[in-house]
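Novice:
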Amino acid sequence: MTVFRRRHAWLGALVALALVFPQLAAWLGQDFYVAFASRVLIWALLASSLNLLVGVGGMVSLGHAAFYGVGAYVVGIVATEAPQLSAALIAWPAAVAVSGLLALAIGAISLRTRGVYFIMITLAFAQMLFYVFVSLKAYGGDDGMAIARRSALPGLNLADEATFYYVVLALFALCLYALARLTASRFGRVLAGIKDNEARMESLGYATFRFKLVAIVISGAVAGLAGALMANLNTYVSPNMLYWDQSGTVLVMVILGGLGSLWGGLAGAGAYLLFEELATAVTPHWQIGLGALLLGVVFFAPAGIAGLFARRRR
Amino acid sequence: MNEILLETRGLAKRFGGLLATDAVSLTIRRGECHALIGPNGAGKTTLVGQLAGTLAPDAGSVLFAGRDVTAYAAHKRAALGLARSFQITSVLAGFSVEENVALAVQAVSGSSFRFWRRVAAEEELSTRALAVLRSVGLERAGGRRAGELSHGEHRQLELALALATRPQLLLLDEPMAGMGLEESQTMVELIAGLKGSHTLLLVEHDMDAVFRLADRISVLVAGRIIASGTGDEIRANPEVRSAYLGEEDAL
Amino acid sequence: MTSLLILEQCLNGLQFGLMLFLLAAGLTLVFGIMDLINLAHGSLYMLGAYLVATLTQASGNFLLGAALGIAATAVIGMALEVLILRGLYQRDHLSQVLATFALILISNETTRTLWGVQPLQLNVPAWLSGSVELLPGLGYSAFRLAIIVVGLAVAALLYLVITRTRIGMLIRAGASNRPMATAMGTDIKRLFTAVFGAGAALCALAGAMLGPLLAVQVGMGENILILAFVTVVIGGIGSIRGAFVGALLVGVVDTFGRAFMPTLLRHALSPAFADAAGPSLAAISIYLLMVAVLFWKPRGLFPVGA
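Structure representation (structure tokens):
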């Protein structure tokens, strides 16, 4: 019971902080951090979508940036080609749909392989898409493309950083809740079962391929939403969003935060970006510190940040 | 009683130069307990794989419940009611015992493409899971992690997983493997309790258990079925006796 | 004329493929025997190139610099194995990814701190800077030719070690059946360290040979790491033969893609588009090759073990 209460106290404090963050930042004269918080939330959304795949389903993808980058490009291309359609209610669902369809195609082929081969084939698809966008000179080639303005959302001015932050926060909360429901549902249990012992699940009568494919599609679609949001945050998209180091970074966030843990994506993205933000200010050699931190996590906190909290609660 | 539930015709599987099974024709009637015996290396494991659908045969066909399932993948055969237990224990080690069985129950009770409702709140799944656990004597282990069970309990859980899918045919691959005397006794009692209500294909080394449980026995030697019949017929068969030369005490 | 050009590109492909093989050989063995995903393999390549460049400058002798640099990298590699990587063998792949990713960050930043952000100059030694006339009309860089010779020699040596020696037998046993190799006794620990040191030495050799052709700079490790992984996966994890075939495939496809794709495209499409898309298509061709191989052979061309 105390565990339950303390957990809710943590959650309440986190939600309260998230809700008043823009006011707090303004009061402290640190408006810059509102956009930073949006960035953290978008990465957290991306990491949470990957966590469904890696942490729950056991499918380690090193090509997640493909869905994220394509989602971003959908927003960018719509803004350029058909500005009249650049409403958030059109462009964002379009980004989700395109990324989801892409995930369906890539997943259907990639699922022929497993383990390290799966890691590499997903990487291959993302790299191919990276080069496709590099060669699309109409959309900026390797320079990327600037987006004139953020998508329009009726009644809200997304150009205002605080408003944009709240929209991102609401979408993140919504997606996280949906992911929590999904993980605890019949589908989620089957997915976790496949991660544990796929041969056993087959022999129980589960067509595991289909479950895995659906998980990839859901994960890819959510990553597409994250990409659409990031394109709006930066009003800029570039092929670098699809490059393998982005896939690597988000995978590192997931492992750092806690594999398969609901809050792992947020914890990992938050810790990674916050460390980067603070350490850059201290020393140009901050990457050594980050490396040491990650090594420390591997050897002393194998279940990630979320694991540390879980242990302390007990 | 005489309806044929499972039938193989000329089933063959070759690994490199080795013919693991060769023109295996086997029939299992609905309701019987059929045992498959044979010396080590006779091809029993290969045959089980071909029946369950994890190994594709090079030739021949498998008919199950009147349907040609040769081209069906393992999960499709399982969904038709062909359940198996594994020779080497294969359970969901990270799940609780009850969750293991609940997942098996879930496989045969409606779609699993449900994304919103909490599965832990589905009482019919846990009720049926508990009933199955009771039937194999594991009702008190429901909350334990499956990976922490003892060997004997693992085998019981294997059986529970197979039973929970309400199968038409239970394929038990050496359910007594690696068990002590007492655990074996328990398992024999469990299987004896399933006779009559389930069709069983029992692959087993333990001859006492086989002759006690089986209605009919097929003998696999060097990839071929050399004899099929009742326990007495098998005991009297000279070909079987010579195949088991030196193991005559077992017969 | 064209046939000479094609021949020259074949040699370039062979040369690049052989260097990829040096990297992929160590990677695939570490992968196959120790079951370790070592993202930091590219860092050893970078480190090797830096050390060779520095020691060559200091000694004024390429051969001496290369020998010292390779030895130093091997020692660093073995130290890395003993101090850090050994603790990762029993861990899951994701922990290995995280830890070796951390090592990339640390080694990149350390390199930047020690050597600065400017790329280092590693010059082709004077006695190899000319060109050799292989056929009438086909002059070929003596240094690239030396790379091919060295690459083939190392491949042959590896082949002999692995097929003819006791260590080679242990390595093969380890790649196809790890529990058995582990059960063989205490010297397995030393074998792992030795294999890792050899892999690091091969990395440094590749760094020394490619350094004069590509730039010696921070980040060089990651780009080639991806290609080395592609090679390993195409060949089948743990298979030296697979790494060899995969490396030559990747080397030739990459070189031909770069050399001929823009020209080929120009025949079919507008020159502007061809110039824009050509290099990308060349880069894509490698990944396409890998996807195609994995589509038909999901465990690579030469799958190891059952």
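Protein chains in written order, with the numbering used here: chain C, 30 to 343; chain V, -15 to 235; chain Z, 214 to 519.
Note that CB positions come from ideal geometry on N, CA and C, so glycine has one too.
(1) Helix, strand or coil for C:A181? Go by DSSP, reduced to three states.
(2) Counting only beta-carbon separations shorter than 8 Å, does Z:S272 have a partner in chain C?
(3) So, with DSSP's three-state summary, where would you put Z:Y353?
(4) Verify the CB distance criterion: does Z:V443 have a CB-CB separation below 8 Å to chain C?
(5) According to DSSP, is C:G277 part of a helix, a strand, or is it coil?
(6) Along the chain, where does the beta strand (DSSP E) containing V:V205 start, and where does it finish?
(7) Identify whether C:G86 lies in helix, strand or coil by the three-state DSSP scheme.
(8) Closer than 7 Å, Cβ to any Cβ of chain V: which residues of the segment 186 to 219 of chain C, in chain order?
(9) Check for me: the alpha helix (DSSP H) holding V:E142 runs from which residue to which?
(10) Can you tell me the Cα-Cα spacing of V:Q71 and C:Y272, whole angstroms?
(11) When you compare the CB of V:G78 with every CB in chain C, is at least one pair closer than 8 Å?
(12) Can you find a CB in chain C that lies within less than 8 Å of the CB of V:A249?
(13) Could you pull the DSSP bridge partners for V:I21 from this structure?
(14) If you follow the alpha helix (DSSP H) that Z:L404 is part of, which residue opens it and which one closes it?
(15) Return the CA-CA distance between C:E190 and C:F50, expressed in angstroms with no decimal places.
(16) In whole angstroms, what separates the C-alpha of C:L324 from that of Z:L257?
(17) At a cut-off of 7 Å, would you count V:L(-10) as near the ligand NAP, judging by its Cβ distance to the nearest heavy atom?
(18) Taking the straight line between their C-alpha atoms, what separation do you get for Z:L497 and Z:L438?
(19) For V:A43, write down the residues that DSSP places opposite it in a beta bridge.
(20) Please classify Z:L482: does DSSP put it in a helix, a strand, or coil?
(21) Count the other C-beta atoms from every protein chain shown that fall within 10 angstroms of the C-beta of Z:G412, then say buried if there are 16 or more, exposed otherwise.
(22) Quick check on C:D225 - is its C-beta less than 8 Å from some C-beta in chain V?
(23) What does V:R102 touch in chain C if you count any residue whose Cβ is under 8 Å from its own?
(24) What is the rounded straight-line gap between the Cα of Z:A519 and the Cα of V:L178?
(25) With a 10 Å radius around its C-beta and 16 neighbouring C-beta atoms as the bar for buried, classify V:I(-12) as buried or exposed.
(26) Please determine, among Z:V463, Z:R479, Z:G300, the residue with the shortest C-alpha to C-alpha distance to Z:G226.
(27) Identify the residues that DSSP records as bridge partners of V:F48: which are they?
(28) Does chain C have any CB closer than 8 Å to the CB of V:S119?
(29) Is V:I12 closer than 8 Å to V:E188 when the C-beta atoms are compared?
(30) Compute the Euclidean distance between the alpha carbons of Z:G483 and C:S67, then round it to the nearest angstrom.
(31) Would the segment 124 to 140 of chain C count as touching the segment 224 to 232 of chain C if we require 3 or more Cβ pairs under 8 Å?
(32) For a cutoff of 8 Å on Cβ pairs, would you count Z:E322 as touching chain C?
(33) Quick one: using the 10 Å Cβ neighbour count with 16 as the cut-off for buried, is Z:M382 buried or exposed?
(34) As a quick exercise: from V:A193, V:L39, V:A148, V:G(-6), pick the residue whose alpha carbon is nearest that of V:T170.
(35) Under a three-way DSSP split, which group does C:S214 fall into?
(36) Grab me the residues of V:L109's own chain with a C-beta within less than 8 Å of its C-beta, minus the 5 sequence neighbours each way, in chain order.
Specialist: With the structure as the only source:
(1) Position 152 of the first sequence, counting from 1, holds the residue named residue 181 of chain C. Looking at C:A181 - three-state DSSP - the assignment turns out to be strand.
(2) The count along the third sequence starts at 1 and reaches residue 272 of chain Z at position 59. No, because no Cβ of chain C sits closer than 8 Å to the Cβ of Z:S272.
(3) Numbered from its first residue, the third sequence carries residue 353 of chain Z at position 140. Z:Y353: strand per DSSP, three-state reduction.
(4) Position 230 of the third sequence, counted from the start, is the residue given in the question as residue 443 of chain Z. At least one chain C Cβ lies under 8 Å of Z:V443.
(5) Along the first sequence, read from residue 1 onward, the residue named residue 277 of chain C stands at position 248. Of the three classes helix, strand and coil, the one that applies to C:G277 here is helix, per DSSP.
(6) The residue given as residue 205 of chain V occupies position 221 in the second sequence. V:V205 -> beta strand (DSSP E) spans 200 to 205.
(7) The residue labelled residue 86 of chain C in the question sits at position 57 within the first sequence. The answer is coil: DSSP assigns C:G86 none of H, G, I, E or B.
(8) R210, L211, A213, S214, R215, F216, R218, V219
(9) In the second sequence, residue 142 of chain V corresponds to position 158, counting from 1. Per DSSP, V:E142 belongs to the alpha helix (DSSP H) from 135 to 148.
(10) What you label residue 71 of chain V is simply residue 87 of the second sequence in a count that begins at 1. What you label residue 272 of chain C is simply residue 243 of the first sequence in a count that begins at 1. Near 45 Å, if we compare the C-alpha coordinates of C:Y272 and V:Q71.
(11) What you label residue 78 of chain V is simply residue 94 of the second sequence in a count that begins at 1. For V:G78, the answer is yes, since a Cβ of chain C falls inside 8 Å of its Cβ.
(12) Any answer about residue 249 of chain V is impossible in this case: the structure gives chain V only from -15 up to 235.
(13) Here residue 21 of chain V corresponds to residue number 37 of the second sequence, with the count starting at 1. Looking at the DSSP assignment, V:I21 forms a beta bridge with V:V203.
(14) On the third sequence, residue 404 of chain Z is found 191 positions in, with the first residue counted as 1. Its alpha helix (DSSP H) spans residues 400 to 423.
(15) Reading the first sequence from its first residue, position 161 is the one you call residue 190 of chain C. Reading the first sequence from its first residue, position 21 is the one you call residue 50 of chain C. Whole-angstrom Cα-Cα distance: 12 Å.
(16) Walking along the first sequence from the start, residue 324 of chain C turns up at place 295. Walking along the third sequence from the start, residue 257 of chain Z turns up at place 44. Using only the alpha carbons, I get a separation of about 18 Å.
(17) This structure does not include the ligand NAP; it has no bound ligands of any sort.
(18) Translated into the one-based positions of the third sequence, residue 497 of chain Z becomes position 284. Translated into the one-based positions of the third sequence, residue 438 of chain Z becomes position 225. Inspection of the sequence shows that residue 497 of chain Z is occupied by Ile rather than by Leu. The straight-line gap from Cα to Cα measures roughly 16 Å.
(19) Here residue 43 of chain V corresponds to residue number 59 of the second sequence, with the count starting at 1. DSSP lists V:A(-4) as partners of V:A43.
(20) For this step, residue 482 of chain Z is matched to residue 269 along the third sequence. Here Z:L482 sits in coil by DSSP.
(21) Within the third sequence, numbered from 1, the residue matching residue 412 of chain Z stands at position 199. Label assigned to Z:G412: buried.
(22) Mapped onto the first sequence, residue 225 of chain C falls at position 196. Output row for C:D225: interface = yes.
(23) Looking up residue 102 of chain V in the second sequence gives position 118. Within chain C, the residues near V:R102 are R210, A213, S214.
(24) Sequence index remark: in the third sequence, residue 519 of chain Z carries index 306 (1-based). Sequence index remark: in the second sequence, residue 178 of chain V carries index 194 (1-based). Low confidence applies to Z:A519: its pLDDT is 43, below 50, so where it sits in the model is not reliable, and the reading given next is rough at best. Distance between the alpha carbons of Z:A519 and V:L178 is about 36 Å.
(25) Here the question's residue -12 of chain V lines up with position 4 in the second sequence. Under this definition V:I(-12) is an exposed residue.
(26) Counting from one through the third sequence, the residue named residue 226 of chain Z turns up at place 13. For the residues Z:V463, Z:R479, Z:G300, the minimum Cα distance to Z:G226 belongs to Z:V463.
(27) Within the second sequence, residue 48 of chain V is the residue found at index 64, counting from 1. V:F48 pairs with V:L(-10), V:R51.
(28) For the purposes of this step, residue 119 of chain V is taken as the residue at position 135 of the second sequence. So no, V:S119 is outside the interface.
(29) One-based indexing of the second sequence puts residue 188 of chain V at position 204. One-based indexing of the second sequence puts residue 12 of chain V at position 28. Going by C-beta atoms, V:E188 is not nearer than 8 Å to V:I12.
(30) Locating residue 483 of chain Z in the third sequence gives position 270, where the first residue counts as 1. Locating residue 67 of chain C in the first sequence gives position 38, where the first residue counts as 1. Here residue 483 of chain Z turns out to be Ser, not Gly, going by the sequence shown. Computed Cα separation, rounded: 42 Å.
(31) no
(32) For the purposes of this step, residue 322 of chain Z is taken as residue 109 along the third sequence, with counting starting at 1. Cβ-Cβ to chain C under 8 Å: yes for Z:E322.
(33) Residue 382 of chain Z sits at position 169 when you count from the first residue of the third sequence. That one is exposed.
(34) Counted from its first residue, the second sequence places residue 170 of chain V at position 186. Measuring from the Cα of V:T170, the nearest candidate turns out to be V:A193.
(35) Mapped onto the first sequence, residue 214 of chain C falls at position 185. C:S214: strand per DSSP, three-state reduction.
(36) As a first step, residue 109 of chain V must be located in the second sequence, where it is residue number 125. Once the five neighbours on either side are set aside, the close Cβ partners of V:L109 are A86, V89, Q90, S93, V103.
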